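Counting with our numbering, you get residues 632 to 944 for the letters of the sequence shown.
These notes concern the structure reproduced below.
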Amino acid sequence: MAPALAQSAEPQKVLFDCDIGSDIDDAYAMALLLASPEIELVGVTVGHARTPDRAPLALRMLWETGLDHIPVYVGRETPLVTLRDGKPHDQFAEAPYNRQFHWARGFDGLKPEEQPAAEYIVETLNAYPGEITLLTVGPVTNIGDALELDPDVLRNAKRVVSMYGSIRSGYGGGEAQREWNVLADAAAVQAGGTEVVYIPLDVTDHVRLDADRRLHLSMRRTPLTDAVTALYSLWRNEERDQTTPRLFDAVAVGYLLWPDLFGLEHGRVTVDEQSMTLFEPGAEPTSTVALTIDDAAFIERMVTRYLEQNLSR
């Protein structure tokens with residue numbers, strides 16, 4: 632399937648909020664943003680748990696690909712799981728040191744910005760009203776903190792796109808269930824209240840990068856493909872029960888690039904006391920939910936994009 636023609640010659644300005652370093656999908660998502668000329672990445676914010684360890688991963692990827700003009704901002708450290716009352720979960724208070732962090736351990740080629748992530752989000756969206764897409768692919772702690780600073784800040788985003796929630800199906804294709812980004816910071820979830828394009832488990836959980844395509848990426852030998860290959864190896868050694876990565880967050884980037892691959896519905900999205908995502912089709916206030924995807928076409932386009940880029944210092 633050929634990609635749809637771009638509607639504008641102007642690249643999309645994107646502010647990317649992520650939790651790179653936990654699951655491997657954040658790395659594939661960031662790599663897809665960097666490899667795509669349709670995207671102008673204005674900044675990266677890292678959030679959730681061990682945020683000082685996440686920032687060097689994003690910084691090294693930017694440095695290796697010669698895109699070190701893109702700033703990285705750090706959100707506050709948090710427990711692994713935060714309850715709706717803002718307190719840490721008793722069993723999931725301490726966040727682990729993930730193996731992916733080793734890839735950038737000792738890297739000092741770039742430093743994160745001193746300004747806190749939430750302040751940067753507020754400042755940037757307010758300075759460029761209607762121009763920037765806010766793409767979130769992790770627990771929305773930074774977004775909740777930004778809304779604490781300015782409750783109306785998201786009105787200045789061109790749009791908000793979030794890998795978030797589980798509408799009609801969950802992990803493994805079963806019934807809808809609590810999705811990690813919702814569960815991990817239930818306090819920030821309550822600070823929503825804006826129209827969002829949701830990219831839930833329904834269109835992300837089953838999108839996977841098979842061994843043949845991973846081999847193609849490892850053989851390409853560019854700084855970008857070397858980065859995702861190295862991070863995959865570290866993730867694989869940590870997640871011993873998994874070999875094939877699920878591309879949750881990369882699918883959200885795919886929506887920015889190739890919306891023709893997605894089937895959408897409109898309605899009201901809320902989160903209940905058990906961190907379940909509820910969807911009422913046709914109800915207001917209206918948000919957009921992706922419920923179907925041509926996953927084969929997405930994988931083909933994503934891998935082609937990785938293989939065709941020549942980013943380097």
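Ideal placement from N, C-alpha and C gives every residue a C-beta, glycine not left out.
None of the values given here were measured: they were computed from a predicted structure.
If you follow the beta strand (DSSP E) that residue i is in, where does it begin and where does it stop?
i: tyrosine 795; result: No beta strand (DSSP E) holds tyrosine 795; DSSP gives it neither H nor E.
i: alanine 921; result: 918 to 924
i: threonine 899; result: Threonine is not the amino acid found at residue 899; the sequence shown has arginine there. Segment 893 to 902, the beta strand (DSSP E) holding arginine 899.
i: phenylalanine 732; result: No beta strand (DSSP E) contains phenylalanine 732, which DSSP labels as neither H nor E.
Between which two residues does the alpha helix (DSSP H) holding residue i run?
i: histidine 847; result: 842 to 851
i: phenylalanine 910; result: Unbroken run through phenylalanine 910 is the beta strand (DSSP E), 908 to 912; no alpha helix (DSSP H).
i: leucine 785; result: First-last for leucine 785: undefined, no H or E at that position.
i: isoleucine 774; result: 772 to 780
i: valine 813; result: 811 to 815
i: arginine 867; result: 854 to 869
i: isoleucine 655; result: Segment: none, isoleucine 655 is in no alpha helix (DSSP H) and carries neither H nor E.
i: aspartate 650; result: Segment: none, aspartate 650 is in no alpha helix (DSSP H) and carries neither H nor E.
i: aspartate 743; result: It is worth fixing the name first, because residue 743 is proline in this sequence and not aspartate. Proline 743 -> no alpha helix (DSSP H), and no H or E assigned at all.
i: arginine 685; result: 682 to 695
Under 8 Å by Cβ, that's how I've got residue i and residue j pegged, so tell me the actual separation to the nearest angstrom.
i: isoleucine 798; j: asparagine 773; result: The Cβ separation is near 24 Å, so there is no contact.
i: leucine 693; j: leucine 741; result: 7 Å
i: valine 827; j: valine 882; result: At roughly 15 Å, the Cβ-Cβ gap does not stay under 8 Å, so valine 827 and valine 882 are not in contact.
i: glutamate 671; j: lysine 644; result: 5 Å
i: arginine 845; j: serine 906; result: In fact, because the Cβ distance is near 32 Å, the residues do not count as touching under 8 Å.
i: alanine 660; j: valine 813; result: The Cβ separation is near 18 Å, so there is no contact.
i: glycine 898; j: threonine 917; result: 7 Å
i: aspartate 684; j: glycine 652; result: 6 Å
Determine the contact status of residue i and residue j, defining contact as a CB-CB distance below 8 Å.
i: leucine 756; j: leucine 765; result: yes
i: valine 771; j: tyrosine 829; result: no
i: leucine 862; j: glutamine 731; result: yes
i: methionine 794; j: phenylalanine 879; result: yes
i: arginine 944; j: glycine 697; result: yes
i: proline 743; j: alanine 686; result: yes
i: threonine 908; j: aspartate 816; result: no
i: leucine 780; j: alanine 749; result: yes
i: proline 912; j: isoleucine 655; result: no
i: tyrosine 886; j: valine 792; result: yes
i: alanine 735; j: leucine 665; result: no
i: histidine 733; j: leucine 865; result: yes
i: serine 667; j: arginine 867; result: no
i: isoleucine 763; j: valine 673; result: yes
i: glycine 761; j: asparagine 787; result: yes
Please tell me whether, using a cut-off of 7 Å, the distance from the CB of residue i to the nearest non-hydrogen atom of the ligand FMN is below it.
i: leucine 698; result: For the structure depicted, the ligand FMN is absent and the ligand set is empty, with no information on it obtainable.
Just list the residues that DSSP pairs residue i with in beta bridges.
i: valine 703; result: Val675
i: valine 645; result: Leu672 and Thr764
i: isoleucine 830; result: Met794
i: arginine 839; result: Arg877
### Message
For the region 699 to 707 against the region 657 to 677, do three or more pairs of beta-carbon atoms, one drawn from each stretch, fall closer than 8 Å, so that the two count as touching?
### Response
yes
### Message
Does the structure place the region 836 to 848 close enough to the region 644 to 654 that three or more beta carbon pairs sit under 8 Å?
### Response
Touching, no, given that fewer than three Cβ pairs across the two stretches are closer than 8 Å.
#### Entry: At least three beta-carbon pairs within less than 8 Å, the region 917 to 934 to the region 893 to 907
When C-beta atoms of the region 917 to 934 are compared with those of the region 893 to 907, three or more pairs fall below 8 Å, so the two segments count as touching.
### Message
Under 8 Å, with one C-beta from each stretch per pair, do the region 929 to 942 and the region 848 to 863 reach the 3-pair mark?
### Response
yes
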